[in-house]
Amino acid sequence: MNIFSFYKGWPAIPLLLGICLCDFPAHAATINPSAFATVTKKIIPQQQVQISGTVTDGTNPLAGVTISIKGKATAGTISDFNGNYMLTASADDIVVFSFMGFLTITESINGRKTINIQLQEDATQLQEVKINAGYYSVKESERTGSIAKITSKDIENQPVTNVLAAMQGRMAGVNITQTTGTPGGGFSVQIRGLNSVRAAGNNPLYFIDGIPYSTDAIGSGQNATGFPSRLSPLNSINPDQIDSIEVLKDADATAIYGSRGANGVVLITTKKGKQGKTKFTTNLSTGAGSVTRFIDLVNTEQYIAMRKEAFVNDGITQYPAAAYDINGTWNQTRYTNWQKALLGGTSLISELQSSVSGGSAQTQFLMSGNFNKQTTIYPGDFVYKKANVHLNINHESEDKKFHTSFTAGYTLQDNHQSRIDLNTTALQLAPNAPALYGENGELNWENSTFNNPLANFVGGYNAKTHDLLASSLLSYRISEAFEIRSNFGYSTIYNDEVNGLPSTMFDPASETGPEFSTLIVGRNTRKTWIAEPQINWKRQFKNIGVDVLVGSTFQSQTSAQLVQFGQGFSSNSLLYNIASATTITIFANDETQYKYQALFGRLNLNWKERYIVNLTGRRDGSSRFGAGKQYANFGAVGAAWLFSKEHFMGLFPILSFGKIRASYGVTGNDQIGDYQFLDTYGSTGVNYGGTIGLQPTRLYNPAFGWETNKKFEVALEVGFFKDRFFLTAGWYNNRSSNQLTGMPLPGTTGFTVLQSNLDAEVENKGTEFTLRTVNLENSVLTWSTNLNLTFEKNTLLEYPDLDTSTFRNTYVIGEPLNIKKVYHFTGVDPQTGIYTFEDKNGDGLYTTKDDKTEVRDFNPEFYGGLQNTVKYKHWQLDFLFQFVKQLNYNGDAAYTLPGSMFNQPVSALDHWQQPGDIASHQIYTDGSNAAAVVAYDRYLASDAVISDASYIRLKNISIAYDLPEKTLKNMRCRIFMEGQNVLTFTKYQGADPEFKSVGYLPPLRILTAGLQFTF
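Quick note on numbering that gives the first Met the number 0: the sequence shown kicks off at 0 and runs consecutively.
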């Protein structure tokens, strides 16, 4: 069948008009003018003209804008990459310009041939945006579940290398904390609180382009001693290549993921190719990172006075030989600010990213590459490098029945860091300690009296990670109602770690040779494949729309680990060749396989676009459970009422949108590791009679089953003044039961725990608010604000026989999981100068069971973020304030006994000196005063070192300027400056109020500047 297109055939219009006119021969006879007018009016079509122009947003051209003729459905076109368009229309037609996220504009032609249009952003159109819910997508206005979303516009303005950093402070119910400021470190993520009593059982499920991505930490943990935890594989994802992130929180949104959705689901969608002229974009940025704040520590004069007073208090008149700081060995007038010396460097950051994209109506492509390099703030040649390539190809047949998409990404990380974190050393090292380097430029050991902290930089830690992720989607539309599709995915990650300790890291006076050098080598691999065939049936009847989805999942994951320890080398030049070690010990050598399969379905009913019911269900099978326990059923129901579409709402013209939604369902959890239900054995590694034996590693228990999480939520969404003011308020209550945890065992069994289900129940409930306002919106200036606020409460409702379990000193029924049981500090005794604490039972003794019962909750009371976007002509300003109300360990928790050979904060100067003194710190001692030492240990385990750590932080700020289009012909250029962790407002006395990893480098302040070119 031949199809005529006015897009290609518009030159034929004059020819057709000519043929029509030739059918009316000219005559010399007189003709009635009115009759002629009648004939021409009926037969001769209106004259067609060709119009053209450019569509912009006031700064940059807009590609993909739909341009149509009002009242003529068959006439239209779209703007190209440069915003240019061409259209044939009648001289008196009206042209309509429409584009998602912008206000629709109509323009009368009035005989013009050139019409340039400037579209204005419409922040009130978000209800029509499609939300990714995983196996299906849904309009924002019609979703029945709780889904938070950020887009590339939010992500691209942040100078971060980990995708989780880009999410901080931007989503209600999502609490993210950075665990270290060292490049390549990880983050802690909680979606609506802690559900499991197991620390490892609270991780959300991550999907990248529809493929599950395991975020279990990589590495052995024996190598990366400079990090508070093992490395996170999420560092492999390049934030600049992400198009959107959706977080699924309630049962309606997560139940379709069954056992994997108990702790929430994070859907990451990478950028895709788009139709249009081939476009090349490159970003080049450079910047610097530094510690956000230093602690006020005592100087040398104050420190020496403190030490002398401690020895006087202890009755010691002859300074010990090892007291180098005060016995004359070290210079008592020397002063070094060790925070600046060890942590005061500048982390240099550089990044280059380029992409090329484009395509036709049938086939689109995108290819991008990224390189990022960061040094550290430490005095050493430490560097983190990451390179990434990303490819996407989409194709759709001309009849729009067949669709395929292929996405692949490969990332290489090379992380060379210090073996240890120097944060604690910088805080505690004596201010009169010797210089780091001698006159010859070598490490200074000050005649074997100084343990040089830079010795840990000799050798060092290196991790190389290779990550490949590939996914493919195939779909075919059998009919208007039926579509079959399947997702396929494969991912593999290789992690090689090396931790070398050469003999040169020791004092040369010890005459330690390479025979004492050691090396730890670790290799970890993880390979995953998945296939998910699905069928979808969608039909619109008179008043009701029905959407049915049925699918299945087949997944397999294989993990392997080999960790070797080598000692004794003939030369340090051979240190990194473990085959050269005299003694080789295998710390770990294992391989595990996890298999998972499921059947899932969804039924969505939509009555008149007002009343919506969404049913989801899943039957899961996991290899992590024994026979008879491998399968479980999960499901949810969600409902929504769009009351703003009711006729009676015409009485409330200011209300533009209104919806009430609710959901209830059950999800599960199988995050317990592999083979927990089996009797397992491992190699002893000991040669006995020429044979290497086996030893039991786990007790047999096939009876434990799935952990379950029941979720309930109700929410209200309302928009006023055409959604310029949009509020969402939600309340949720989640209860997690049948907890998968270890049952304590007597030591005589040879094992500490037996994996089992416990009738413990954990409740998370809270209230979430999000508010979006469009404060100003005109052709010159726009200003919009987004606010999110979360109040949450975590409670342990039940725990059988808690008082007799090994967790009796960890948990309290009726209290949150994330608590600390501590002594109650009552001050310094004015007579003795010793710290005092409350004796709960009055027996004169201090015991963990009876007196260490004061509870401090480390969960935030509330948290949120306030984001603003201001656009003025060619300028754009974005900034985000993050705020948290919480408790945390204060600065006192990072120090040792005042008066000993370690530095102290200036607050320690307020101390007891004589009877009757009222002070905040006890008597100084070098360690000889046993009562003071015991009291100080108790002080560190009391509520004295826990205080308010609430803060407001300028988390992110971005300023950008787009050069006018006429400045650079056929090219767009953006100049930008970005900052992360820029300012912090807090009363907290410590390095960083957000930071929970005591003794490690906190997050850095990062400032960058760069250029973006597009042509």
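The beta carbon of each residue, even a glycine, is placed where N, CA and C say it ideally should be.
Problem - Beta-carbon proximity of SER213 to TYR205, cut-off 9 Å - result: Position 214 of the sequence shown, counted from the start, is the residue given in the question as residue 213. Position 206 of the sequence shown, counted from the start, is the residue given in the question as residue 205. Contact flag set, yes.
Handout entry: CB contact flag (SER502, LYS995, <9 Å)
Key = Position 503 of the sequence shown, counted from the start, is the residue given in the question as residue 502. Position 996 of the sequence shown, counted from the start, is the residue given in the question as residue 995. No, Cβ-Cβ distance for SER502 and LYS995 is not below 9 Å.
Exercise for the section: May I ask you to list the residues that DSSP assigns as paired with ALA959? Expected result: By one-based count along the sequence shown, residue 959 stands at place 960. DSSP, once it has assigned bridges, lists GLN875 and PHE975 as partnering ALA959.
Problem - Where GLY550 sits in the DSSP three-state scheme - result: Locating residue 550 in the sequence shown gives position 551, where the first residue counts as 1. Strand, per DSSP.
Exercise for the section: Give a single yes or no on whether GLY185 has its beta carbon closer than 8 Å to a heavy atom of the ligand ATP. Expected result: The model depicted lacks the ligand ATP and carries no ligand whatsoever.
Handout entry: Length-filtered (3 minimum) beta strand (DSSP E) runs lying within the segment 837 to 889
Key = 853 to 856, 861 to 871, 874 to 884 and 886 to 888
Handout entry: GLN1054 classed as buried or exposed, judged by whether at least 16 other C-beta atoms fall within 10 angstroms
Key = No answer is possible for residue 1054: the residues shown for the chain start at 0 and end at 1014.
Exercise for the section: For TRP782, name the three-state secondary structure that DSSP assigns. Expected result: The residue labelled residue 782 in the question sits at position 783 within the sequence shown. Reduced to three states, the DSSP call for TRP782 is strand.
Exercise for the section: Just mark TRP911 as buried or exposed, buried being the case when its beta carbon has 16 or more other beta carbons within 10 Å. Expected result: Taking the first residue of the sequence shown as position 1, residue 911 is located at position 912. Burial call: buried.
Practice task
Measure the C-alpha to C-alpha separation of THR794 and ARG973 and round it to an integer number of angstroms.
Solution key: The residue labelled residue 794 in the question sits at position 795 within the sequence shown. The residue labelled residue 973 in the question sits at position 974 within the sequence shown. Cα to Cα, THR794 sits roughly 49 Å from ARG973.
Practice task
Please name the residue in ILE534, GLY183, ASN326 and LYS526 whose C-alpha comes closest to that of ASP413.
Solution key: Position 414 of the sequence shown, counted from the start, is the residue given in the question as residue 413. Here the closest residue by C-alpha is GLY183.
Problem - Proximity of ALA340 and PRO378 at Cβ, strictly below 9 Å - result: Taking the sequence shown and counting its residues from 1, the one referred to as residue 340 is at position 341. Taking the sequence shown and counting its residues from 1, the one referred to as residue 378 is at position 379. Yes, the pair counts as a contact, with Cβ atoms nearer than the cut-off.
Practice task
Use the C-beta contact count for TYR699: other C-beta atoms within 10 angstroms, 16 or more gives buried, fewer gives exposed.
Solution key: Here residue 699 is taken as the residue at index 700 of the sequence shown, counted from 1. By the 10 Å Cβ count, TYR699 comes out exposed.
Exercise for the section: Determine the direct distance from the alpha carbon of ASN613 to that of LEU770, and round the result to whole angstroms. Expected result: Along the sequence shown, one-based indexing puts residue 770 at 771. Along the sequence shown, one-based indexing puts residue 613 at 614. Approximately 25 Å between the Cα atoms of the pair.
Problem - Local conformation of PHE106 per DSSP, three classes - result: Along the sequence shown, read from residue 1 onward, the residue named residue 106 stands at position 107. In the sequence as presented, Phe is not what sits at residue 106; that position holds Glu. Three-state result, GLU106: strand.
Handout entry: As assigned by DSSP and simplified to three states, the class of ASP942
Key = The residue you call residue 942 lines up with position 943 of the sequence shown. Look at ASP942 here: in three-state DSSP terms it is helix.
Problem - Backbone CA spacing between GLU797 and LEU744 [nearest angstrom] - result: The sequence position of residue 797 within the sequence shown is 798, counting from 1. The sequence position of residue 744 within the sequence shown is 745, counting from 1. Roughly 20 Å between the two C-alpha positions.
Problem - Proximity to GLY565 [Cα-Cα], best of THR781, LEU500, ARG609 and THR683 - result: Here residue 565 corresponds to residue number 566 of the sequence shown, with the count starting at 1. Closest by alpha carbon: LEU500.
Practice task
Go ahead and label ARG971 buried or exposed: buried means 16 or more other beta carbons lie within 10 angstroms of its beta carbon, across all protein chains shown.
Solution key: Here residue 971 refers to the residue found at position 972 of the sequence shown. Looking at its Cβ environment, which holds 16 or more other Cβ atoms inside 10 Å, ARG971 is buried.
Practice task
Determine the extent of the alpha helix (DSSP H) in which MET166 is found, giving its start and end residues.
Solution key: As a working note, residue 166 is residue 167 in the sequence shown. For MET166, the uninterrupted alpha helix (DSSP H) run begins and ends at 162 to 166, by DSSP.
Exercise for the section: Could you have a look at PHE370 and say whether DSSP puts it in helix, strand or coil? Expected result: Looking up residue 370 in the sequence shown gives position 371. It is a strand residue.
Problem - Sub-9 Å separation of SER949 and TYR987 beta-carbons - result: On the sequence shown, residue 949 is found 950 positions in, with the first residue counted as 1. On the sequence shown, residue 987 is found 988 positions in, with the first residue counted as 1. Yes. Within cutoff.
Practice task
Pick out whichever of MET976, LEU844, TYR822 and GLY915 has its Cα sitting closest to the Cα of TYR938.
Solution key: The residue given as residue 938 occupies position 939 in the sequence shown. Comparing Cα-Cα distances from TYR938 to each of MET976, LEU844, TYR822 and GLY915, the minimum goes to TYR822.
Handout entry: CB-CB length for SER78 against ALA62, believed under 8 Å
Key = If you number the sequence shown from 1, residue 78 lands on position 79. If you number the sequence shown from 1, residue 62 lands on position 63. Between ALA62 and SER78 the Cβ distance is about 6 Å, and since that is below 8 Å, they are a contact.
Problem - Coarse secondary structure for SER516, derived from DSSP in three states - result: Within the sequence shown, the letter at position 517 stands for residue 516. DSSP places SER516 in coil when its eight states are reduced to three.
Exercise for the section: Can you give me the Cβ contacts of LEU86 inside the same chain, cut-off strictly under 8 Å, excluding the 5 residues immediately before and after it? Expected result: Stepping through the sequence shown from its first residue, residue 86 is reached at position 87. Closer than 8 Å at Cβ, skipping near neighbours: GLN49, ILE50, SER51, ILE66, ILE68, ALA74, GLY75, THR76 and VAL94.
Exercise for the section: Just list the alpha helix (DSSP H) runs in the segment 408 to 465, keeping only unbroken ones of 4 residues or longer that don't cross its boundaries, in chain order. Expected result: 422 to 427
Problem - SER570 vs ASP506 beta-carbon contact at 9 Å - result: Within the sequence shown, residue 570 is the residue found at index 571, counting from 1. Within the sequence shown, residue 506 is the residue found at index 507, counting from 1. For SER570 and ASP506, no; Cβs fall outside 9 Å.
Problem - Own chain, CB closer than 7 Å to LYS41, minus 5 neighbours either side, in chain order - result: As a position in the sequence shown, residue 41 is number 42, starting the count at 1. Residue placement at LYS41 cannot be trusted, given a pLDDT of 41 that sits under 50; what the coordinates show is reported in the next sentence. None.
Exercise for the section: Express the C-alpha separation of ALA309 and LYS148 in angstroms, rounding to a whole number. Expected result: Stepping through the sequence shown from its first residue, residue 148 is reached at position 149. Stepping through the sequence shown from its first residue, residue 309 is reached at position 310. Each residue's alpha carbon lies about 57 Å from the other.
Problem - DSSP bridge partner residues for TYR595 (one or two, in chain order) - result: Against the sequence shown, residue 595 aligns to sequence position 596. BP columns for TYR595 point to GLN554 and SER621.
Handout entry: LEU1010 classed as buried or exposed, judged by whether at least 16 other C-beta atoms fall within 10 angstroms
Key = Taking the first residue of the sequence shown as position 1, residue 1010 is located at position 1011. Classification for LEU1010: exposed.
Handout entry: LEU341, DSSP secondary structure in three states
Key = Here residue 341 refers to the residue found at position 342 when the sequence shown is read from its first residue. Three-state DSSP puts LEU341 in a helix.
Practice task
Please look up how many angstroms separate the CB atoms of TYR493 and HIS465, rounded, as I've assumed it's under 8 Å.
Solution key: Here residue 493 refers to the residue found at position 494 of the sequence shown. Here residue 465 refers to the residue found at position 466 of the sequence shown. TYR493 to HIS465, Cβ: 4 Å. Contact.
Practice task
For VAL159, I'd like the list of residues in its chain whose CB is within less than 7 Å of its CB, leaving aside the five on either flank, ordered along the chain.
Solution key: Here the question's residue 159 lines up with position 160 in the sequence shown. The answer, listed in chain order, is ALA165, PRO238 and GLN979.
Problem - For ASN234, three-class secondary structure by DSSP - result: On the sequence shown, residue 234 is found 235 positions in, with the first residue counted as 1. The answer is helix: DSSP assigns ASN234 an H, G or I state.
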